[in-house]
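According to the numbering used here, the stretch in the sequence shown is residues 775 to 1083, in order.
Below: one structure, written as structure tokens.
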Amino acid sequence: MTGVLRPGHVQLRVLDMEAGVHHYRDILGMQETGRDAEGRVYLKCRDEFDHHSIILRETDQAGMDFVGFKVLDLPTLDDFEKKLQAYGVETHRIAAGDLLETGERVRFTTPSGHQVELYAEKTLVGNGCGDTNPKPWDPKVTHGISPVRMDHLLLFGPNVPETLKLFTEVLGFNLVERVLGPDGETNIIVFLSCSIKSHDIAFAHYDEPGKLHHVSFLMDSWEQVLRGGDIMSMEDVPVDIGPTRHGVTRGQTIYAWDPSGNRFEIFKEDRQPYPDHPPLTWTLDGLGAGGGLDYVQRKLHETFLSVVT
Ligand code: FE
């Protein structure tokens, strides 16, 4: 991993900041790490080292403003900027400090209509466990559902094949799994990795551009996913699907909604694809009756394709 490292932050739009902060901080179990002059609230998960991974902005429409990927260093950032421009993608720079504790960002729009940015610098705050003879976890910050990290996103929009091409040819991602459309040829959902995660980002076909399907948070174990489901029930968090296993990516999962209607997932990784592994292919039937979405119930839940923000 020397280019794009991981999805490092997502700015989510929430309808009510107090309810949003209660959800992400108190129920999900993130730590609040800052608030800026615009009223945005910054949060991180317990085993993340950088200052924040989720930024909440209050407005009147839910969804995602942008997702930022951390790259190795500043020369890598400059290099990707040149490669994007050479590929014909318009980019612009956002000044350091526009997001708290974050360096310059290079922003562009994907063919799917999403605002994506790259950045190299964010203040390292650590996970509270120490650097020498570290603790395995920090009891001071472990509360609520308590995911390890913000893990990946599924975004809905048009032009999935063009978006796949941009991420693989310019940004160095690998295609890990895909779902083919009714013609049996066109990729309608693609799962892309810049690491050996089953996916760092995924895109699915949708007529409207720029939509968020879900932001996913990694759990330590399947047992912790179930425990997270218990907390969702105790706290009246509306659950969409699960607990179950996705056939696609093999992830163990619960989908649910935040108070603004943004879908989030708690998820245990169950697959580590190396870049030389061939991509796995699912048919449209495979996504539903084949268990691609829900391997236990083997059905295509109606909300999966229709509810986005
Ligand atoms: Fe997911």
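In this text, a Cβ means the ideal position worked out from N, Cα and C, and glycines have one as well.
Can you determine whether any heavy atom of the ligand FE sits closer than 7 Å to the C-beta of Leu928, and answer yes or no?
Here the question's residue 928 lines up with position 154 in the sequence shown. Yes; taking the cut-off as 7 Å, the Cβ of Leu928 has a heavy atom of the ligand FE nearer than that.
Distance, Cα to Cα, Leu858 vs Asp1032?
If you number the sequence shown from 1, residue 858 lands on position 84. If you number the sequence shown from 1, residue 1032 lands on position 258. So the two alpha carbons sit approximately 34 Å from each other.
Cβ of Glu943 less than 8 Å from any chain D Cβ?
Of the protein chains in the structure, only one exists, and it is not chain D.
If Gly803 and Tyr816 are in contact, beta carbons under 8 Å, what's the gap, nearest whole angstrom?
Taking the sequence shown and counting its residues from 1, the one referred to as residue 803 is at position 29. Taking the sequence shown and counting its residues from 1, the one referred to as residue 816 is at position 42. Not really, about 15 Å apart at Cβ, beyond 8 Å.
Regarding His988 and the ligand FE, is the C-beta to nearest heavy atom distance less than 7 Å?
As a position in the sequence shown, residue 988 is number 214, starting the count at 1. His988 Cβ: within cutoff of the ligand FE.
Can you find a heavy atom of the ligand FE that lies under 7 Å from the Cβ of Gly1025?
Your numbering for residue 1025 matches position 251 in the sequence shown. It does: the Cβ of Gly1025 is within 7 Å (strictly closer) of some heavy atom of the ligand FE.
Between which residues of its own chain and Glu891 is the CB-CB distance below 8 Å, once the five residues before and five after are set aside?
Locating residue 891 in the sequence shown gives position 117, where the first residue counts as 1. The answer, listed in chain order, is Phe840, Val841, Gly842, Phe843, Ile868, Arg879, Val880, Arg881, Phe882.
Can you tell me the Cα-Cα spacing of Ser1007 and Pro849, whole angstroms?
In the sequence shown, residue 1007 corresponds to position 233, counting from 1. In the sequence shown, residue 849 corresponds to position 75, counting from 1. Going from the Cα of Ser1007 to the Cα of Pro849 covers about 47 Å.
Just curious, the beta strand (DSSP E) that Glu951 is in, first and last residue?
For this step, residue 951 is matched to residue 177 along the sequence shown. Element bounds for Glu951: 948 to 954.
Per the contact definition of three or more C-beta pairs closer than 8 Å, is the region 810 to 824 in contact with the region 894 to 911?
Output reads yes: the region 810 to 824 touches the region 894 to 911.
Does the beta-carbon of Val1022 have 16 or more other beta-carbons within 10 angstroms, so that it is buried, or is it exposed?
By one-based count along the sequence shown, residue 1022 stands at place 248. Buried, because 16 or more other Cβ atoms sit within 10 Å of the Cβ of Val1022.
Given the structure, does Glu1039 come close to the ligand SAM, in the sense that its CB is under 7 Å from one of the ligand's heavy atoms?
Questions concerning the ligand SAM fall outside what the structure shown contains, since the ligands it does hold are the ligand FE.
Have a look at Leu1000, Phe977, Ile828 and flag the residue whose alpha-carbon is nearest the alpha-carbon of Thr884.
Translated into positions along the sequence shown, residue 884 becomes position 110. The shortest C-alpha separation from Thr884 is found at Phe977.
In this structure, what does DSSP give as the bridge partners for Asn901?
Position 127 of the sequence shown holds residue 901. Paired residues: none, contrary to the question.
So what's Thr865 in DSSP terms, helix, strand or just coil?
Translated into the one-based positions of the sequence shown, residue 865 becomes position 91. In this structure, Thr865 counts as coil in the three-state DSSP scheme.
Can you name the start and end residues of the alpha helix (DSSP H) that Asp1004 belongs to?
What you label residue 1004 is simply residue 230 of the sequence shown in a count that begins at 1. Looking at the DSSP string, the run of the alpha helix (DSSP H) that includes Asp1004 is 996 to 1008.
Count the other CB atoms within 10 Å of the CB of Asp974; is the residue buried (16 or more) or exposed (fewer)?
Here residue 974 refers to the residue found at position 200 of the sequence shown. By the 10 Å Cβ count, Asp974 comes out buried.
Does the region 791 to 806 come into contact with the region 933 to 950, if we say contact requires no fewer than three beta-carbon pairs (one atom in each stretch) closer than 8 Å?
Short answer: they don't touch.
Look at Leu1085 and Ser886 and say whether their C-beta atoms are less than 8 Å apart.
Absent from the model: residue 1085. The displayed extent of the chain is 775 to 1083, so no value can be given.
What residue does the beta strand (DSSP E) around Thr1027 start on, and which one ends it?
Here residue 1027 refers to the residue found at position 253 when the sequence shown is read from its first residue. Thr1027 -> beta strand (DSSP E) spans 1026 to 1031.
Would you identify the three-state DSSP class for Pro1049, choosing helix, strand or coil?
The residue given as residue 1049 occupies position 275 in the sequence shown. Coil.
When the Cα atoms are used, what is the spatial distance from Gly900 to His825?
Walking along the sequence shown from the start, residue 900 turns up at place 126. Walking along the sequence shown from the start, residue 825 turns up at place 51. One C-alpha to the other measures close to 8 Å.
On the three-state DSSP scale, how would you describe Phe1078?
Working through the sequence shown from its first residue, we reach residue 1078 at position 304. Phe1078: helix per DSSP, three-state reduction.
Going by Cα to Cα distance, which pick from Lys896, Val863, Asp852, Tyr861 is closest to Asp872?
To locate residue 872, count along the sequence shown from 1; it is residue 98. For Asp872, the nearest C-alpha among the options comes from Lys896.
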